[in-house]
Structures are given as C-alpha cells and as structure tokens.
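*Asks:* The structure follows.
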Amino acid sequence: MIHWRKHLEEALDEAGQQRKFVLLDFFNPG
Amino acid sequence: MDTVTYPETIVSEIVDRFSIPLQCNNQEEEARPLVARYHHVWTPDLRILDTDGSELYRWNGYLPPEEFAARALCGFAHARLRMLQYAQAEEEYSEVLRRFPTSYAAPEALYFLGVAQYRRDPQGNDLRKEWHKLQGRYPSSEWRLKQSFIEQ
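Protein sequence lines correspond, in order, to chains A and B.
Numbering that gives the first Met the number 0 puts the first residue of the first sequence at 0, with every later residue one more than the last.
Numbering that gives the first Met the number 0 puts the first residue of the second sequence at 0, with every later residue one more than the last.
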C-alpha cells in the first residue's frame, strides 16, 4: 500500500531526511 | 493506476524503497502552482525529483504493474546516475535487467548500465561490452539505434 503525501515541501523534507527521491504523480480522478 | 497498478506489492516495494511518494490531483485549485512549476499537461504524469525539487526523470501514460515497476526502477537508477552515484545506478539498472528483462524499460537500462560503468571507470571496456549485448538482446529498440554509431 503506497502512502501518498499531499504536499511537495513535506515530501521533499522527508526525502532529504531519508536520503530518498520524491516520486510525484499528477493524476486526474475523473 | 490507483486501482490496478499501485495496489500491487511489486510496485509499492520499489516506490517505497527509493522514494517518498506524492500525489497531486490536477483538478484541484491548490494544485495550480505545482502544475505550473512542472509544466504538467497530461496524466498519468510521473516525475522523480531530487530533494531540492529538481526533476531527474519523467514518464507519461498508464502502465500495468510489472511495466510500471520496471520503469520506476529504471527511473530511480537514472536519478542515481544524474546524481553521480554510479555504483548505485549500476545496481538498480542490473536489477531491472535481472527482474524485468522483457520489459519496455529493459533496453534503456542496458544502455545506461554501460554508461554508469563507463563513468565509474573510464579506462574499462564496459560501455562497449554492455552496448554489444544491447545489439543482441534488443535489436529493434530505440536504445540499440542510439548506440548504432559504434556498429559502423
């Protein structure tokens, strides 16, 4: 189960702390 | 993607191992700054970002689970390569070739495996060795064409 974050800055900070990248997925729910 | 691809463990394991996942609903008003910043036009639209927000790899379009897993792994390997982390890039490209040898991402992985090896050791002969494999394994791929100047 992927736990998607919703805010870029939060994801970038977390990625920096964990030495990971950010995977950004633009989606259209329709 | 949310109903077919993302629930599969083969996908989530790779996403979680290498990244913090972030989803952006392109229909929401609050998404506008992100849509503009990354020049987004069409979904599915996947980007691999460095921790400063700069884009290191991208792809568009739906992919079923195994193809998505292979593409994502290839993308993370390429992000490593662009961050000059050559040994890690080699490991991840090799994983693409070991686990997903018939995927659409595999020819690209083999092409850049040679590049990563060459960048790590410019005196070695690994680039030509890997590209020679590309000619044999994926003769119709675009990545074979991209190294075809050495076949002349």
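Built from N, CA and C at the ideal position, the CB exists for glycine as well.
Note that the structure is predicted; figures quoted are calculated from it, not measured.
(1) To which residues of the same chain is P64(B) closer than 8 Å at the C-beta, ignoring the five residues directly before and after it?
(2) I think L55(B) touches R81(B), with their Cβ atoms under 8 Å apart; what is that distance to the nearest whole Å?
(3) Specify whether the stretch 87–104 of chain B and the stretch 34–49 of chain B touch according to this definition: at least 3 beta carbon pairs, one from each stretch, less than 8 Å apart.
(4) Using a cut-off of 7 Å between C-beta atoms, extract the partners of R46(B) located in chain A.
(5) Could you give the DSSP three-state label for W58(B): helix, strand or coil?
(6) Would you be able to state if there are at least three C-beta pairs under 8 Å between the stretch 17–24 of chain A and the stretch 14–21 of chain B?
(7) Is there at least one Cβ from chain A nearer than 8 Å to I9(B)'s Cβ?
(8) Buried or exposed, going by whether 16 or more other CB atoms sit within 10 Å of the CB of S92(B)?
(9) Going by DSSP, which residues form a beta bridge with S140(B)?
*Replies:* Reading from the atomic positions:
(1) What you label residue 64(B) is simply residue 65 of the second sequence in a count that begins at 1. Answer for P64(B): V3, T4, E7, I9 and V10, listed in chain order.
(2) Along the second sequence, one-based indexing puts residue 55(B) at 56. Along the second sequence, one-based indexing puts residue 81(B) at 82. 5 Å between Cβ atoms; contact.
(3) no
(4) Start at 1 with the first residue of the second sequence, and residue 46(B) comes out as number 47. Near R46(B) (Cβ distances below 7 Å), the residues of chain A are L23.
(5) For the purposes of this step, residue 58(B) is taken as residue 59 along the second sequence, with counting starting at 1. DSSP places W58(B) in strand when its eight states are reduced to three.
(6) yes
(7) If you number the second sequence from 1, residue 9(B) lands on position 10. No - not a single Cβ of chain A is within 8 Å of the one on I9(B).
(8) Within the second sequence, residue 92(B) is the residue found at index 93, counting from 1. As written in the sequence, residue 92(B) is Tyr, which differs from the Ser given in the question. Classification of Y92(B): buried, given that the 10 Å Cβ count is 16 or more.
(9) Here the question's residue 140(B) lines up with position 141 in the second sequence. Partner(s): none; S140(B) has no beta bridge.
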